[in-house]
Amino acid sequence: MTEVIEIPADVSSPATGERRYTAPGFDAGSTQIIDRVPDDEAEFIATPVQATADAHRARPAGPVAIPPSTPQRPSWLIPILLIVAALLAAAIVGVVLIKRAGTAREAQQNQVRATIETFDTAVRGGDLATLRSVTCGETRNNYDKFDDQAWADAYTRIVAAKQYPVIASIDEVVVNGDHAEANVTSYMAFDPATTSTRSFDLQFRDDQWKICQSS
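Quick note on numbering that gives the first Met the number 0: the sequence shown kicks off at 0 and runs consecutively.
Rendered as C-alpha cells:
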C-alpha cells in the first residue's frame, strides 16, 4: 500500500491546487507528493518610449508660435559705419569753417572797396580831412604837407585843369591778414576815354582800412 505524505503549504502563499508527484527512489517505500511553489507575479515597468508617448499625448494640440529671429549685423560693419559717421561729421565741420572764413574774407574785401570809393570821392570833391583819414604812410604824408589854405588853392587849379584821377571800377581785391591789395581801372578827368590800371596797397589801422601807397 502506498503512503501519502502531505506537506503543508505556506500560509502566506495562495493555494494553487496543483501538486507534483515524484517517483519514489529505489530505497523509498512510498511515493511523495510535493506541492508546487507558486512563481512571483510579473512586474510591469513602463519604458521610456511609453513615458514619452504619454507626454506627447498630454500636450494640447494647436499651432506653436515661433519668435522671429533677429538678423545680426556682421562684426566688420560697425567699424565701417563709425568711420563713415566720423568722416561726415568732419566734412560738415569743414564746410561750416570754410563758409565762415569765406564770409569774413568777403566782409574785409567789402571794407577795402568802401575805403577806395571814399578816397575817390574825396579826391574829386577836394575833401582834405577825409583824404587824411583814409590814408597812411607816404600817401598820408603828401596830404599833410598842405594846410587848409594851400590845399584850397591847389585844388582850385587841379579842378580847373581836370588833373585829378577818377576810379572807374574796382577790379580785384586781395586781403591777407591786415594787408590788402586792390587793382582798379582809372582815367584822368580830362581824358575819360583813356583808362589805365592802378594798384592800391592798404593796411588795417585804427580799426579801418587805409590807403598807404598807390601806383
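Just so you know, even glycine gets a beta-carbon here, dropped at the ideal spot from N, CA and C. All values derive from a computational prediction rather than experimental measurement.
The C-alpha of V92 is placed about 55 Å away from the C-alpha of V158. In the displayed model, W150 falls within a helix according to three-state DSSP. Here Q202 carries a strand assignment [DSSP, helix/strand/coil].
Collapsing the DSSP output to three states places V92 in a helix. By DSSP's assignment, P78 forms no beta bridge with any residue. In this structure the segment 126-133 does not touch the segment 103-111; the number of beta carbon pairs closer than 8 Å is below three. V183 carries a strand assignment under DSSP once its states are collapsed to helix, strand and coil. Going by DSSP, S132 is part of the alpha helix (DSSP H) stretching over L127 to S132.
When beta bridges are read from the DSSP output, R197 appears opposite V183. Per DSSP, D170 lies in no alpha helix (DSSP H); the unbroken beta strand (DSSP E) holding it starts and ends at P164 to N175. Counting other Cβ atoms within 10 Å of its Cβ, S213 reaches 16 or more and is therefore classed as buried. Taking the Cα positions, S195 is about 22 Å away from T134. Nearest C-alpha to I166 among M187, V173, R156 and E180: M187. K144 has no beta-bridge partner at all, per DSSP.
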